[in-house]
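Under numbering that gives the first Met the number 0, the sequence shown has 117 at position 118, and the numbering climbs by one with no breaks.
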Amino acid sequence: MSVSGPVGVGTLPPTVGRSEPAPWQDDTYASEVQIDHTVPVHEAWGSGARYWSQARRVAFYNDLGDTRTLSAQTSALNSAKQASGPETWMPPKNRCAYIGQWVAVKIRWGLRVDSKEKAALIRYADSCPNVTLTVTRA
0 MSVSGPVGVG
10 TLPPTVGRSE
20 PAPWQDDTYA
30 SEVQIDHTVP
40 VHEAWGSGAR
50 YWSQARRVAF
60 YNDLGDTRTL
70 SAQTSALNSA
80 KQASGPETWM
90 PPKNRCAYIG
100 QWVAVKIRWG
110 LRVDSKEKAA
120 LIRYADSCPN
130 VTLTVTRA
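Written out as structure tokens, the structure reads:
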């Protein structure tokens with residue numbers, strides 16, 4: 000994966016408030032959704048957010064500038080993920096897309112990747128097609 004150029008301002012995915020499947024779960028439909036941080040707040044805290052100002056943390060929590068940061072998920076999927084990173088949890092489908100989104104959010108916000116997380120990302124990414132990530136830093 001490589002990183003280049005700006006990304007346009009985005010909005011929450013179209014699944015918010017609608018009954019469309021979340022992008023990485025089985026073919027279940029969400030009549031009620033929860034907003035999920037691709038990189039959980041607890042994970043971000045341990046990856047460098049603890050050193051941010053309150054204003055920067057709030058900007059991360061509510062980032063509508065990149066559609067990869069937040070997504071609508073069923074409560075079951077969000078509960079299964081909790082505050083986990085890719086070293087302990089992966090979605091049941093569309094894992095390559097999830098990895099790309101995870102990496103993009105980490106880059107966007109300048110968050111660190113620890114050795115276990117990096118190993119898991121590489122292990123999963125080895126089975127994914129090469130893609131170029133375009134990220135605008137927050």
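Backbone N, C-alpha and C define an ideal beta-carbon position, used for all residues, glycine too.
All values reported here derive from a predicted model rather than from experimental measurement.
Measuring only the C-alpha atoms, how far is residue i from residue j?
i: alanine 118; j: glycine 64; result: 28 Å
i: alanine 137; j: isoleucine 34; result: 20 Å
i: histidine 36; j: proline 85; result: 13 Å
i: tyrosine 60; j: valine 40; result: 7 Å
i: alanine 29; j: glutamine 72; result: The pLDDT assigned to alanine 29 is 49, lower than 50, so where the model puts this residue is not dependable, and the model offers no usable value.
i: serine 78; j: valine 130; result: 29 Å
i: threonine 68; j: serine 126; result: 23 Å
i: glutamine 81; j: proline 90; result: 12 Å
i: aspartate 113; j: glycine 47; result: 11 Å
i: serine 83; j: glutamate 42; result: 7 Å
i: glutamate 116; j: cysteine 95; result: 15 Å
i: leucine 76; j: serine 70; result: 11 Å
i: serine 147; j: threonine 66; result: A question about residue 147 goes unanswered here, because the residues of the chain that appear run from 0 up to 137.
i: glycine 92; j: isoleucine 98; result: Per the sequence shown, the amino acid found at residue 92 is lysine instead of glycine. Answer to the nearest angstrom: the Cα atoms are 11 Å apart.
i: aspartate 62; j: valine 38; result: 12 Å
i: glycine 45; j: proline 128; result: 29 Å
i: serine 52; j: alanine 58; result: 10 Å
i: tryptophan 88; j: valine 32; result: 19 Å
i: arginine 55; j: alanine 124; result: 30 Å
My output table needs one value for residue i: the three-state DSSP class, helix, strand or coil.
i: glutamine 81; result: coil
i: alanine 29; result: Legend: pLDDT at alanine 29 = 49, less than 50; position of this residue unreliable, value from coordinates given subsequently. Of the three classes helix, strand and coil, the one that applies to alanine 29 here is coil, per DSSP.
i: leucine 110; result: coil
i: alanine 71; result: strand
Starting from residue i, trace the beta strand (DSSP E) both ways and give me its first and last residue.
i: alanine 58; result: Looking at the DSSP string, alanine 58 is not in any beta strand (DSSP E); the run it does join, the alpha helix (DSSP H), is 53-60.
Determine the extent of the alpha helix (DSSP H) in which residue i is found, giving its start and end residues.
i: glycine 64; result: Per DSSP, glycine 64 belongs to no alpha helix (DSSP H) and is neither H nor E.
i: alanine 144; result: Past the boundaries of the shown model lies residue 144; the chain is included only from 0 to 137, so the question cannot be answered.
* Hey, is the stretch 119-130 in contact with the stretch 93-103, meaning 3+ C-beta pairs nearer than 8 Å? -> yes
Any contact between the stretch 129-136 and the stretch 106-113? By contact I mean 3 or more CB pairs, one from each, below 8 Å. yes
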